[in-house]
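**Student:** One structure is given below, represented as structure tokens, and several questions about it will come after.
Here you go:
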């Protein structure tokens, strides 16, 4: 794309959608729609003076065994949160399991039998998971867990809900123990 910049004097890196002129394989000019990549690193700055639009930041990880983790400078609470997230919350995965039993990276985690679990709870195969904004995950006690007799809960249900009204209904029905109550329901609690 960078080699066609001279054909596009009005090119803008910030436009969401724009017309972009290119040359086809038989040297005929053609206009295409160029759509901005929504997944580009938001901190990346491109240099229009270079022939290949080089970025100021390395766009990919250094090798196949590393990755890039980007924290928003305005959302990361402090340095200890950053270090704690990196050291305690990121775990390596068994690639062979994901590619064979898990059905590949695109299907891994899409169904209960595609999860790799280890611990006091497992996801039941029937009605165990519904992904999405109003979904859930059901967990049941893993009787094969080494300390199953000391695991207090037999069942846990995790709801995925961002709607404050739905959360308030869950709270009123006793399905969840804590939530923020929306303003239109606050008078019921006075």
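Residue numbers (our numbering): 985 to 1174.
We put the beta carbon where it would ideally sit given N, CA and C, even for glycine.
(1) What residue ranges within the stretch 1037-1124 form continuous alpha helix (DSSP H) runs of no fewer than 4 residues, ordered along the chain?
(2) Enumerated in chain order, which unbroken segments of the beta strand (DSSP E) with a length of 3 residues or greater are wholly contained in the stretch 1138-1168?
(3) What number of angstroms, rounded off, separates the C-alpha of residue 1070 from the C-alpha of residue 992?
(4) Does the Cβ of residue 1085 have 16 or more other Cβ atoms within 10 Å, making it buried, or fewer, making it exposed?
(5) Three-state secondary structure (DSSP) at residue 1016?
(6) Use the C-beta contact count for residue 1021: other C-beta atoms within 10 angstroms, 16 or more gives buried, fewer gives exposed.
(7) Using DSSP's beta-bridge definition, name the partner residues of residue 1003.
(8) Hey, how far is the Cα of residue 1170 from the Cα of residue 1004?
(9) Going by DSSP, what residues sit across from residue 942 in a beta bridge?
(10) Do you know offhand how far residue 1089's Cα is from residue 1168's?
(11) Three-state secondary structure (DSSP) at residue 1126?
(12) Relative to the C-alpha of residue 1091, which candidate in 1161, 1008, 1105, 1115 has its C-alpha closest?
(13) Which class does residue 989 belong to by DSSP, given the choice of helix, strand or coil?
(14) Residues in the same chain with beta-carbon distance under 6 Å from residue 1031, minus the five sequence neighbours each way, listed in chain order, please.
(15) When the distance is taken between beta carbons, is residue 1017 closer than 7 Å to residue 1001?
(16) Thinking C-beta only, is residue 1120 closer than 7 Å to residue 1104?
(17) Are the beta-carbon atoms of residue 1140 and residue 1123 separated by less than 7 Å?
**Tutor:** Inspection of the coordinates gives the following:
(1) 1063-1072, 1079-1084
(2) 1139-1143
(3) As a first step, residue 1070 is located in the chain shown; it is residue number 86 there, counting from the start. As a first step, residue 992 is located in the chain shown; it is residue number 8 there, counting from the start. Whole-angstrom Cα-Cα distance: 42 Å.
(4) Stepping through the chain shown from its first residue, residue 1085 is reached at position 101. Looking at its Cβ environment, which holds fewer than 16 other Cβ atoms inside 10 Å, residue 1085 is exposed.
(5) The residue labelled residue 1016 in the question sits at position 32 within the chain shown. DSSP places residue 1016 in strand when its eight states are reduced to three.
(6) Within the chain shown, the letter at position 37 stands for residue 1021. Residue 1021 comes out exposed.
(7) As a first step, residue 1003 is located in the chain shown; it is residue number 19 there, counting from the start. Paired residue(s): 1017.
(8) Reading the chain shown from its first residue, position 186 is the one you call residue 1170. Reading the chain shown from its first residue, position 20 is the one you call residue 1004. The alpha-carbon atoms of residue 1170 and residue 1004 are separated by roughly 53 Å.
(9) What is shown of the chain runs 985 to 1174, which leaves residue 942 out entirely.
(10) Locating residue 1089 in the chain shown gives position 105, where the first residue counts as 1. Locating residue 1168 in the chain shown gives position 184, where the first residue counts as 1. Their backbone Cα atoms lie some 43 Å apart in a straight line.
(11) The residue labelled residue 1126 in the question sits at position 142 within the chain shown. Three-state DSSP puts residue 1126 in coil, outside helix and strand.
(12) On the chain shown, position 107 is the one that residue 1091 refers to. Measuring from the Cα of residue 1091, the nearest candidate turns out to be 1115.
(13) The sequence position of residue 989 within the chain shown is 5, counting from 1. In this structure, residue 989 counts as helix in the three-state DSSP scheme.
(14) As a position in the chain shown, residue 1031 is number 47, starting the count at 1. Closer than 6 Å at the Cβ level, and outside the excluded window around residue 1031, lie 1038.
(15) Against the chain shown, residue 1001 aligns to sequence position 17. Against the chain shown, residue 1017 aligns to sequence position 33. Contact flag set, yes.
(16) If you number the chain shown from 1, residue 1104 lands on position 120. If you number the chain shown from 1, residue 1120 lands on position 136. Not in contact: residue 1104 and residue 1120 (Cβ atoms no closer than 7 Å).
(17) Here residue 1140 corresponds to residue number 156 of the chain shown, with the count starting at 1. Here residue 1123 corresponds to residue number 139 of the chain shown, with the count starting at 1. Yes, these two residues count as a Cβ contact at 7 Å.
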